[in-house]
Amino acid sequence: MTDREEKISELIKNELNNVDFFIAYGRGYDPIHVKPLFVYEEKDLDDLVMNIFCVHNNASYLKTVKDKKVGIVVKGCDSRAVVQLIQEGLINRDNLRIIGIPCTGVISIKKLKEKMDISRVTEAKVESDSVIIKTSDEEKRFEKDDLLADKCLWCQYPTPVIYDHLVGETIEPSRPKELEYKIVEEMEKEDLNVRFEYWNKELSRCIRCYACRNVCPMCVCQDQCVMESRNPHWISLKSNITEKVMIQLIHAIHLAGRCVSCGECERVCPMDIPIFKIKQKMNQIVEELFDYKAGIDLEATPPLYTFQVEEAKIKEREW
Amino acid sequence: MVMSMSWFIPENEFDIFVKNLSKKRRLFVPVKENSIVRFVEFKDGIKPYFEKQATSSAKNTIFPQTETLFRFEYKKDPKDLKKFSVEISETIEAPETVVLGTRPCDARGFLVFDKVFLNPKHPDIYYQNRREKSLFITMTCTDPEPTCFCKAVGSSPADSLGSDILITKVKDGFFVETITEKGEKLLNELNLKDGDAYSKEAEKVKDEANEKLESPFDTKGLSADILKLFNTNFWEKELAHCLSCGVCTYLCPTCYCFNITDETSDSEGERIRTWDACMFFHFTLEGSGHNPRPTKAERFRNRVGHKFSYFPDRYDGMIACCGCGRCIKSCPASVDIRKVIIDLKEAANESA
Amino acid sequence: MSKLSFAYYPGCSLESSAKEYDVSTRKVADILKVELIEIPDWSCCGASPAHTVDHLFASAVAARNLAIVEEMGRDTLVTPCPECLSAFKKAIYNMSKDDGFKKKVNSLLDKPFNLNVEAKSFLQILYEDVGKENISKKVIKPLIGVNIVPYYGCLLTRPPDVAQFDDPENPISMDTILETIGANVPYFSYKLECCGAAYGVTKRRIVTKLSGDILKTAIESGADAVAVACPLCQQNLDLRQDQINRDQGFDFHIPILYITQLMGLSFGLSASELMIDKHNVKSDHFLEKIEKGLKEKEKSEKESISSKN
Amino acid sequence: MAEEKKEAKIVGFLCNWCSYGGADTAGVSRFKQPTDLRIIRVPCSGRVDPLFVVKALESGADGVLVSGCHPRDCHYSEGNFYARRRLEVLKRFLPFMGIDPNRFEYTWVSASEGQRWQQVVTKFTEQIHNLGPAPKREEKSDR
Amino acid sequence: MRIGVFICHCGSNIAGTVDVKKVAEEAKRFPHVVYSTDYMYTCSEPGQLEIQEAIKKEKLDGVVVASCSPRMHENTFRRTVEKAGLNRYMFEMANIREHVSWVGVDKEANTKKAIDLVRMAVAKVTLNQPLFPKSFKVNKNVLVIGGGVAGMQAALDCADGGLKVILVEKNPSIGGKMAKLDKTFPTIDCSICILGPKMVDVGQHENIKLYTYSEIEEISGYVGNYEVKIRKKATYVDWTKCTGCGLCMEKCPSKKAFDPFNEGIAPTTAINIPFPQAIPKKAKIDPNYCRQFIKGKCGVCAKICPVQAIDYEMQDEIVTEKVGAIIVATGYSLFDHTKIKEYGAGKYLDVITSIQYERLLNASGPTSGHILRPSDNKEPKTIVFVACVGSRDKSLGVPYCSNFCCMYIAKQAILTKDHIPDSQSYVFYMDIRAPGKGYEEFVRRAQEEYGVKYIRGRVSRIFKRGDKMVVRGSDTLLGTQVELEADLVVLATGAIAEEGARELAEKLRISYDPYGFYIESHPKLRPVETNTAGVFLAGACQGPKDIPASVGQGSAAASKVLSLFSKDLLESDPQIAHVNEMLCVDCKKCIQTCPYGAIEEKKTPMGKIVASVIETVCQGCGLCTATCPPGAIQLQQFTDNQLLAEVKAFFHA
């Protein structure tokens with residue numbers, strides 16, 4: 002256990018009695034796979050870890066434990082989801098004990114998978130700016146920045162925006178802000194039918210497992226979602242391309258002005274479909290039109306659930 | 070039992086072998102797209118990928134995610150608009166299919182399917198038609214992954230059960246052996262080189278493969294343990310981090326649950342069968358709004374219980390899990406079914 | 003005052019019948035340190051005749067001069083004469099509004115005009131750029147004791163969206179300048195009434211009737227002289243004053259002077275320098291009245307000083 | 244028979260109090276219009292969920308038009324303010340998914356503006372005809 | 079389901095450019111349609127009987143009529159099907175007249191479009207649910223906004239009908255524009271003589287509560303249950319004490335205050351009673367001119383007031399009233415002639431507006447009825463009236479005719495002759511609009527008996543020459559320019575929307591036209607109603623009109639309210655939102671966006687917290703349905719599935 006992990010365990014221990022359970026990070030089936038750890042009693046803390054592989058957004062679980070008293074360990078991006086849930090009144094701040102972890106970035110397993118065979122990882126450690134991965138038959142060293150998840154390369158909120166306890170010093174954002182929408186701009190360089198074919202091809206792999214919806218912290222109506230419902234009957238259960246495109250549009254439109262760019266939807270997709278940039282495009286539009294970022298201000302209202310009589314940036318079309 | 074004949078395909082002729090397979094029949098092969106591997110229909114220019122286990126199983130080859138059971142149309146009697154007839158048209162005929170590149174665990178999966186869909190009293194004619202017309206060429210699993218645990222459920226990296234032909238990679242080519250008549254009939258058409266010379270080397274490779282894996286848990290008494298923990302809060306704590314999504318069920322070679330819905334437009338429509346999963350809220354939602362399995366804990370209990378308790382008890386001990394580890398590798402929340410079973414046995418013993 | 007410098011377009015009248023307007027403009031400009039660089043090789047601006055025959059030709063003729071100014075690297079063309087001004091303004095207005103028209107006009111010119119030049123009247127420069135403070139600094143002999151009424155004519159401020167200068171119904175630019183140079187400006191409701199313009203050639207009765215009314219109202223308002231800024235108005239009111247008297251049965255002898263000539267007088271220039279004697283109606287009586295006014299002013303100032311100490 | 248210009252499939256969501264009334268006024272004044280548009284009446288432009296536009300486009304619409312009351316003139320006072328935001332966000336979002344934004348327009352037409360409605364329908368139908376029929380998504384993978 | 083389809087010919091309106099027979103035939107093939115026919119005039123009585131027969135004979139449970147716009151006859155047909163025993167909401171209309179036959183030229187394309195629209199209507203009706211209106215208690219008070227002649231008439235009729243009326247008037251006294259007039263056309267009877275008694279009736283009527291010098295702050299609620307916040311502006315005089323003796327007016331040192339009642343033709347004192355017959359006859363202080371407010375010291379009126387009614391510290395006061403219906407009678411305002419530079423832009427004292435001239439004519443006016451020139455108080459001999467100043471003039475943004483100026487010009491010209499027998503009046507006009515009873519003869523009398531000279535032409539410029547005002551215009555009948563030297567010029571300024579009309583409309587949630595006049599629910603058939611249930615219009619606020627028309631509308635609006643309140647219970651429109659509690663996840667987005675606050679949270683018997691709709695408050699806008707992610711809250715009659723069915727029906731074809 003690193004001393005940061007010690008500190009977290011300590012904090013969880015004293016908070017345990019005023020919560021039903023604590024959501025932190027625990028050991029997975031191999032060193033590079035971490036799993037969300039639900040701490041009910043002290044002995045669960047043995048599995049606790051806090052390292053560069055703790056990529057999950059624990060806020061994903063808050064929607065399913067609405068009426069319970071919950072403790073949660075959050076990084077910067079995760080904390081924005083907590084703020085957004087509180088801001089929309091979907092969870093009660095008093096039921097929450099939050100431990101904030103200033104974060105310098107987490108690893109994207111997909112990026113690592115492309116660089117080496119990770120089926121037999123025995124050890125993984127971080128030394129200053131490089132990451133060493135040992136497997137049964139090879140050892141490789143990588144530049145940390147090459148493995149970081151995309152969202153970390155333009156992270157503007159390394160320090161959690163909401164917490165009861167902060168483990169370690171606050172970190173000032175150092176990453177270039179304009180990188181955030183670079184992937185969107187690149188996509189928009191292609192012309193229209195190239196993009197049309199691109200999404201036909203990528204989304205054809207979708208198996209409608211709804212992992213992207215269930216992991217999304219903002220999708221509070223997952224069990225009654227219109228992606229699968231017969232009433233209202235927006236789409237059928239078929240797996241043809243129009244239904245799969247509609248699923249992404251439903252998610253993007255329902256997230257407009259609410260998505261906190263935690264990137265989980267793309268991470269969890271078993272068929273590796275690049276759907277996060279869809280939500281990024283939506284965030285870019287909301288930022289352009291309403292100069293608003295989700296999950297920052299506890300008092301704000303998501304832009305699409307309010308209005309201005311005179312809209313500064315929306316011009317009426319002339320006929 | 071048919072006398073197992075054997076053939077040999079040199080390394081460099083394997084591509085021709087693949088092309089010949091696809092000539093008269095519809096061929097499915099695993100293909101790498103982005104960082105995942107899945108079974109798609111072979112077309113010229115597609116490069117099959119056999120190195121790693123496919124991300125999703127091969128069940129979509131004969132149990133597609135969406136299947137039209139039949140089409141129907143209301144026909145009105147022009148003279149009396151109140152009278153109408155319904156015309157039904159169904160297409161059951163399926164083309165001859167060959168699936169190349171399954172692993173022994175994939176092939177075993179279909180044994181579970183057969184138990185359910187081919188039961189003599191009510192066979193599922195759609196599945197039955199495709200099953201008879203399809204043929205599985207399985208590849209011995211020479212490098213099982215840490216997430217594999219086929220041994221624990223009675224299979225092994227070189228298990229030929231459920232396959233029609235078994236191919237084993239040897240030094241300078243592929244040792245091919247027939248398991249079933251269908252397999253033999255197909256191979257005879259292809260006049261391949263005789264494989265006897267390589268049978269010893271192949272046996273060695275297969276034995277080595279079997280040794281590479283050990284069994285993480287023993288399934289003896291597992292079924293009873295599960296029933297013992299049925300009403301405890303073991304499941305809620307063990308599966309707290311599960312997202313209750315459909316990844317594990319849809320990638321799993323043995324999950325065969327499905328949903329049937331009608332899609333109508335104007336006065337015609339079709340009845341479609343689509344994959345479904347016990348992990349979804351809708352799966353057990355009743356008309357009244359009551360749901361016997363409202364939370365993910367109960368649903369996961371059903372998933373583990375079905376595979377390791379209810380199915381085996383009903384089908385003389387056959388475990389509805391082939392240990393392929395796909396659910397472990399692709400789970401967004403890193404739920405490890407092996408750990409669940411180990412913890413489950415431990416919890417059952419404690420409460421004994 | 004920073005150095006004001008403009009491209010100057012005198013126009014045909016100021017080379018001939020309205021020479022005095024050109025001379026007085028240049029002299030006033032020198033005194034006020036406004037540099038007027040005459041446009042090299044300028045040609046006819048098209049005035050109103052061209053406009054009535056063919057809009058494209060009228061704009062092309064005007065645009066040719068504007069293109070030269072563009073080439074001189076200047077952004078403003080200044081001309082005293084409202085006729086020329088409206089010709090240039092109409093060309094610029096039509097070309098900027100309709101791209102197709104602009105292409106057609108430029109196709110007629112050897113050097114294209116790219117709309118980087120705007121046209122202003124010298125009066126506008128005096129009123130807006132020079133401003134009344136700088137003008138009053140130059141006044142040495144204020145026109146005390148005389149009433150002058152400003153007559154704008156119809157082109158200086160109209161049509162509003164093309165002219166974009168002063169108020170189309172109630173202009174005050176000349177009124178202000180006249181007050182600045184010391185004159186008294188009575189209420190004059192015929193500031194913008196038409197003088198009959200070019201009808202003087204074809205139907206003289208119209209000019210004598212309309213210009214007659216203007217002169218009648220001016221005299222009734224107690225004016226000693228009428229200030230004008232347009233050669234054609236000056237011609238109709240001054241040159242034709244005898245015809246007006248004959249046709250309308252009046253007996254008017256009221257001098258019609260250019261605003262720049264009046265400013266010249268107040269800057270101390272002599273009447274002959276400003277070619278005031280060139281006008282049909284003599285201004286001797288008017289000039290004497292100013293002298294008298296000045297003497298009285300000096301006398302009363304002396305008394306006040308002597309009574310003080 | 245002269246090659247009859249194939250009719251585009253255009254669906255219009257019109258708010259009952261203003262735009263539907265505007266279309267009526269255009270009808271009463273016999274302002275001629277192309278016949279490609281089919282009008283669906285909704286109580287307010289605020290009722291139009293952006294998903295309706297997307298569902299129509301995915302179901303084969305060549306063009307979708309939404310028209311409501313002018314801002315400040317909504318019968319329900321706020322409906323069109325929400326619609327304006329949601330539909331503007333949608334309009335900027337469509338091209339990213341490969342859907343031509345010119346296939347969807349939202350506008351404001353009051354009950355008395357028959358002439359304006361004629362212009363909207365004519366111009367929009369022409370705009371859609373210039374774009375031609377909408378591309379269909381065909382199946383890429385196996386079942 | 080068993081659906082009947084009825085395609086209307088509407089004479090040749092539809093049949094002319096749509097093959098109605100083919101549409102009816104095609105409809106037979108739609109799902110669930112068991113009866114399909116076409117009919118010459120479906121909305122006619124025999125047409126409706128045909129529908130009722132079909133419903134009974136074929137046991138229909140859904141009806142689709144393809145004819146004109148539902149905005150026209152939806153209610154007619156709903157009543158028809160209801161009489162035949164079918165729930166009135168199991169009915170849909172396809173608009174194949176305004177949206178098809180009248181606007182399309184190609185018969186084949188029109189027919190194809192009509193078939194699609196009928197298929198869509200059938201697809202929708204198959205998903206309609208029978209709906210049953212709820213009834214709710216009605217508050218039988220009436221709010222009348224505006225105390226002019228229209229508002230007073232409405233208030234009196236309602237009060238006489240036994241309703242409690244709350245009359246809110248912006249100015250210190252009721253009477254509106256009519257109180258300012260001297261005489262009224264065409265009978266030239268004295269305006270205040272016929273208005274005064276009515277004002278007294280209003281003042282003393284036990285059913286009328288009067289709020290003058292007050293404005294509407296905020297209105298919430300719906301028909302039958304409005305809650306109105308009224309701002310009683312500070313008068314700085316305690317009206318419970320003030321007896322209207324006028325002593326303060328005499329002694330007040332600030333004599334140069336702007337007098338809105340006399341339209342600024344003459345000043346008044348800072349503290350004043352607008353006019354002798356004012357109701358209520360109370361004084362009020364104008365803080366912009368009162369020295370006590372400007373310099374902080376004076377207090378003359380406070381000292382001499384016999385009943386100590388003066389209170390400089392008085393503040394505005396907000397009062398709340400509950401009413402069931404609202405009659406808007408806020409009248410009109412006059413075009414500001416200073417915007418017209420050609421007429422002197424207001425700098426000539428002897429160029430006045432006709433309402434100012436009316437004050438000069440008026441015996442209780444500033445000049446006690448003597449017509450005097452504001453510049454030098456001399457009696458004018460030549461008076462020129464100019465019609466259509468800021469009316470029928472697109473360049474000034476007032477393209478419409480203001481209805482009553484021609485008549486009052488003739489009246490004023492006649493009165494001028496009475497006041498100054500040796501005067502000569504001229505009138506510059508374009509066309510004389512004298513349509514009312516006795517109107518044309520009245521104008522004829524002005525010309526023949528009173529020698530008023532009418533000059534047909536517009537005035538191009540008015541300017542001073544000497545002490546005369548020169549009016550230059552054209553005389554189109556003589557074909558020449560005309561110049562008149564007048565002593566006094568009277569401009570007949572056009573009628574425009576009352577100041578603040580637009581803001582009030584937004585509070586009332588009624589719509590207004592581009593000029594600010596309120597839009598009636600149907601120009602011909604429902605002139606005094608608005609599209610908002612419970613809000614009625616009367617008088618010039620709906621468009622310029624003269625006194626007889628305004629009074630007529632006052633009574634009309636009152637009768638509408640009386641019939642509305644004839645029943646104790648009002649039926650609420652059942653086309654409102656409904657929550658499917660199984661789907662609601664209590665994300666509160668519907669509550670946040672509902673414009674009417676018609677949704678609240680409630681606990682189900684099983685303890686689950688879900689959204690719930692307050693039936694009487696929901697107005698059926700559907701915003702919540704478009705906002706609810708799982709589609710738990712659905713607007714009845716416009717559910718997601720119904721609209722999706724229409725979309726799918728169109729694209730199936």
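Protein chains in written order, with our numbering: chain R, 2 to 320; chain D, 70 to 421; chain W, 3 to 311; chain B, 244 to 386; chain A, 79 to 731. Note that CB positions come from ideal geometry on N, CA and C, so glycine has one too. Please read all numbers here as calculations on a predicted model, not as lab measurements.
Q. If you measure beta-carbon to beta-carbon, which residues of the region 99-115 of chain D are closer than 8 Å to chain R?
A. Listed in chain order, the positions of the region 99-115 of chain D with a beta carbon within less than 8 Å of a beta carbon of chain R are Glu102, Asn103, Ser104, Ile105 and Arg107.
Q | Integer-rounded CB distance, given that phenylalanine 8/W should sit under 8 Å from leucine 34/W | A | One-based indexing of the third sequence puts residue 34/W at position 32. One-based indexing of the third sequence puts residue 8/W at position 6. That pair is no contact at about 12 Å.
Q: Step through the CB atoms of chain A and report whether any lies within less than 9 Å of the CB of arginine 273/B.
A: Mapped onto the fourth sequence, residue 273/B falls at position 30. So, interface residue.
Q. Would you call the region 92-111 of chain D and the region 286-304 of chain D touching, i.e. three or more CB-CB distances under 8 Å?
A. No: the two stretches stay apart, fewer than three of their Cβ pairs being nearer than 8 Å.
Q) For glutamine 108/A, which residues of its own chain have a beta-carbon under 7 Å away from its beta-carbon, when the five flanking residues on both sides are left out? A) In the fifth sequence, counting from the first residue as 1, residue 108/A sits at position 30. Looking at the sequence shown, residue 108/A is not glutamine but phenylalanine. Excluding five sequence positions before and after phenylalanine 108/A, the CB atoms of its chain that fall closer than 7 Å to its own CB belong to Arg197 and Val200, given in chain order.
Q: Compare the C-alpha of valine 162/R against each of Lys76/R, Ala60/R and Lys69/R and name the closest.
A: As a first step, residue 162/R must be located in the first sequence, where it is residue number 161. Answer by Cα proximity: Lys76/R.
Q) If the cut is a Cβ gap below 9 Å, which residues of chain R does cysteine 368/A touch? A) By one-based count along the fifth sequence, residue 368/A stands at place 290. Listed along chain R, no residue sits closer than 9 Å to cysteine 368/A by beta-carbon distance, the nearest being about 36 Å off.
Q) Quick check: the region 365-377 of chain D against the region 339-347 of chain D, are there 3 or more CB pairs under 8 Å? A) Under the 8 Å Cβ criterion, the region 365-377 of chain D counts as touching the region 339-347 of chain D, having at least three qualifying pairs.
Q) Fully enclosed by the region 252-320 of chain B, which beta strand (DSSP E) runs are 3 residues long or longer? A) With a minimum length of 3 residues, the continuous beta strand (DSSP E) runs that stay inside the region 252-320 of chain B are 253-258, 280-285 and 306-311.
Q: Could you tell me which of Val429/A, Lys400/A, Ser411/A and Gln393/A sits nearest to phenylalanine 302/A, measuring between CA atoms?
A: Here residue 302/A corresponds to residue number 224 of the fifth sequence, with the count starting at 1. Note on residue identity: the sequence assigns glycine, not phenylalanine, to residue 302/A. Considering only alpha carbons, the answer is Lys400/A.
Q) Around the C-beta of tyrosine 291/A, are 16 or more other C-beta atoms found within 10 angstroms, so that it is buried, or is it exposed? A) As a first step, residue 291/A must be located in the fifth sequence, where it is residue number 213. Counting Cβ neighbours within 10 Å, tyrosine 291/A comes out buried, since at least 16 surround it.
Q. Any Cβ of chain R within less than 9 Å of the Cβ of cysteine 665/A?
A. Walking along the fifth sequence from the start, residue 665/A turns up at place 587. Under the 9 Å criterion on CB atoms, cysteine 665/A is classed as interfacial with respect to chain R.
Q) Do threonine 608/A and leucine 582/A have their CB atoms nearer than 9 Å? A) Locating residue 608/A in the fifth sequence gives position 530, counting from the first residue. Locating residue 582/A in the fifth sequence gives position 504, counting from the first residue. Leucine 582/A is positioned such that its CB atom lies no closer than 9 Å to that of threonine 608/A.
**Q.** Within-9 Å CB hit, aspartate 224/R to chain A
**A.** Within the first sequence, residue 224/R is the residue found at index 223, counting from 1. Interface criterion met: the Cβ of aspartate 224/R is under 9 Å from a Cβ in chain A.
Q.
For a cutoff of 9 Å on Cβ pairs, would you count lysine 726/A as touching chain E?
A. Looking at the structure shown, chain E is missing, and the protein chains on hand are R, D, W, B and A.
(Q) At the level of alpha carbons, what is the spacing between lysine 99/A and threonine 115/A? (A) The residue labelled residue 99/A in the question sits at position 21 within the fifth sequence. The residue labelled residue 115/A in the question sits at position 37 within the fifth sequence. Cα to Cα, the separation comes out at about 8 Å.
**Q.** Under 9 Å (Cβ pairs) to chain R, residues found in the region 310-321 of chain D
**A.** Residues His310, Leu312, Ser313, Cys314, Gly315, Val316, Cys317, Thr318, Tyr319 and Leu320.
Q. Which word fits valine 406/A, buried or exposed, when buried means at least 16 other C-beta atoms lie within 10 angstroms of its C-beta?
A. Along the fifth sequence, one-based indexing puts residue 406/A at 328. Buried, since its Cβ has 16 or more Cβ neighbours within 10 Å.
Q) Out of curiosity, what's the CA-to-CA distance linking glutamate 284/A and alanine 312/A? A) Position 206 of the fifth sequence, counted from the start, is the residue given in the question as residue 284/A. Position 234 of the fifth sequence, counted from the start, is the residue given in the question as residue 312/A. Roughly 25 Å separates the two Cα atoms.
Q: For chain A, find out if any of its Cβ atoms is closer than 9 Å to the Cβ of asparagine 259/B; answer yes or no.
A: In the fourth sequence, counting from the first residue as 1, residue 259/B sits at position 16. Contacts with chain A at 9 Å (Cβ-Cβ) include asparagine 259/B.
Q | Nearest-angstrom Cα separation, counted from proline 322/D out to glycine 374/D | A | Translated into positions along the second sequence, residue 374/D becomes position 305. Translated into positions along the second sequence, residue 322/D becomes position 253. Their Cα atoms are separated by approximately 17 Å.
Q. Between methionine 3/W and valine 25/W, what straight-line distance do the alpha-carbon atoms span, to the nearest angstrom?
A. Taking the third sequence and counting its residues from 1, one reaches residue 3/W at position 1. Taking the third sequence and counting its residues from 1, one reaches residue 25/W at position 23. With a pLDDT of 48 at methionine 3/W, under the threshold of 50, the modelled position of that residue is not reliable, and the figure given next carries that caveat. So the alpha carbons of these two residues sit roughly 23 Å apart.
**Q.** chain B contacts from the region 173-206 of chain A (Cβ-Cβ distance under 8 Å)
**A.** When C-beta distances to chain B are compared with 8 Å, the residues of the region 173-206 of chain A below that value are Asn173, Arg175, Glu176, His177, Val178, Trp180, Val181, Gly182, Val183, Asp184, Ala187, Asn188, Lys190, Lys191, Asp194, Leu195 and Met198, in chain order.
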